[in-house]
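One structure is given here, and the rest of the page talks about it.
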Amino acid sequence: MNFISALLLALAVSSDGFAAGMAYGARKIRIPLGSLLLICLASMLAVSVSMLAGKALAFYFDPRTAQRVGALALMAVGLWFFSESLRNWQGSNETGENNAIATLRIKPLGIIIQILREPSRADLDSSGVISYREAFLLGTALALDALGAGMGASMSGFNLAMTIPLVGCCKFLLISLGLRWGVALKNGVLRNSSGIFSGLVLFILGFAEMMG
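Everything in the sequence shown is counted per my numbering, starting at 279 for the first residue and increasing by one.
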């Protein structure tokens, strides 16, 4: 699997970091370097676990079948990202806000789900600064979307040693850019756009693997 494909995958699973960064930038919430690195580490760990799981599953198939299964998984995750983002976008336009947040009684899972739907909720103490604990919760929430994509990518032949560091680097860069451009964030539009971008890229990568 070449570098360009691995980079596109890393961008796709990290694009939610850009939207999250913009959410914080718009609210003037700071993410110190240590907290930002912890967020990136959480994403790298999630992708590592999912890609290792994909490698383990691939042992039950011959190489060509494993590649096709992985490609189908990438396409399915891409379609899910795309459809969810469109649905959220339509819901935001109809209600004027994006406040449909799942409520769970189990902690900290309920907090993570809330953060996944609205990243600014990670600032639990409303201090205006993301602490290490809050960064861990935010990183875990941002990493959830990458689990299925990482497994499918691994089965279809993506290289772990190349992909995992790229995920960390892309997450770092996109969150940093999002923080700087946060003043342009309006009504969650860019957050939903990032999901549409991710979905399209993952679907295209899966389709390319299927045809390869």
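Glycine included, each C-beta is placed from N, C-alpha and C at the ideal position.
Check each candidate in the options and name the one with the smallest Cα separation from residue i.
{"i": "residue 313", "options": "418, 425, 345, 361", "result": "418"}
{"i": "residue 476", "options": "297, 337, 414", "result": "297"}
{"i": "residue 317", "options": "307, 456, 450", "result": "450"}
{"i": "residue 412", "options": "338, 482, 448, 320", "result": "320"}
{"i": "residue 283", "options": "428, 303, 360", "result": "428"}
{"i": "residue 440", "options": "295, 325, 302", "result": "325"}
{"i": "residue 334", "options": "304, 308, 438, 303", "result": "438"}
{"i": "residue 340", "options": "459, 489, 435, 453", "result": "435"}
{"i": "residue 448", "options": "315, 407, 336, 362", "result": "315"}
Tell me the residue span of the alpha helix (DSSP H) that contains residue i.
{"i": "residue 327", "result": "311-336"}
{"i": "residue 297", "result": "281-304"}
{"i": "residue 452", "result": "438-458"}
{"i": "residue 432", "result": "424-433"}
Does the Cβ of residue i have 16 or more other Cβ atoms within 10 Å, making it buried, or fewer, making it exposed?
{"i": "residue 405", "result": "exposed"}
{"i": "residue 402", "result": "exposed"}
{"i": "residue 359", "result": "buried"}
{"i": "residue 355", "result": "buried"}
{"i": "residue 479", "result": "buried"}
{"i": "residue 281", "result": "exposed"}
{"i": "residue 489", "result": "exposed"}
From residue i to residue j, what distance separates their C-alpha atoms?
{"i": "residue 421", "j": "residue 328", "result": "10 angstroms"}
{"i": "residue 433", "j": "residue 346", "result": "8 angstroms"}
{"i": "residue 385", "j": "residue 323", "result": "Caution is warranted here: a pLDDT of 48 is assigned to residue 385, below 50, making its placement in the model unreliable, and the coordinate value is therefore given only provisionally. Computed Cα separation, rounded: 21 angstroms."}
{"i": "residue 409", "j": "residue 456", "result": "18 angstroms"}
{"i": "residue 491", "j": "residue 300", "result": "Nothing can be reported for residue 491, as the shown portion of the chain is limited to 279 through 490."}
{"i": "residue 353", "j": "residue 286", "result": "14 angstroms"}
{"i": "residue 442", "j": "residue 330", "result": "11 angstroms"}
{"i": "residue 351", "j": "residue 484", "result": "7 angstroms"}
{"i": "residue 294", "j": "residue 338", "result": "32 angstroms"}
{"i": "residue 364", "j": "residue 474", "result": "7 angstroms"}
{"i": "residue 481", "j": "residue 415", "result": "28 angstroms"}
{"i": "residue 445", "j": "residue 288", "result": "5 angstroms"}
{"i": "residue 430", "j": "residue 342", "result": "14 angstroms"}
{"i": "residue 361", "j": "residue 426", "result": "15 angstroms"}
{"i": "residue 400", "j": "residue 332", "result": "30 angstroms"}
{"i": "residue 336", "j": "residue 344", "result": "5 angstroms"}
{"i": "residue 357", "j": "residue 453", "result": "24 angstroms"}
Please look up how many angstroms separate the CB atoms of residue i and residue j, rounded, as I've assumed it's under 8 angstroms.
{"i": "residue 291", "j": "residue 424", "result": "4 angstroms"}
{"i": "residue 303", "j": "residue 458", "result": "7 angstroms"}
{"i": "residue 407", "j": "residue 308", "result": "5 angstroms"}
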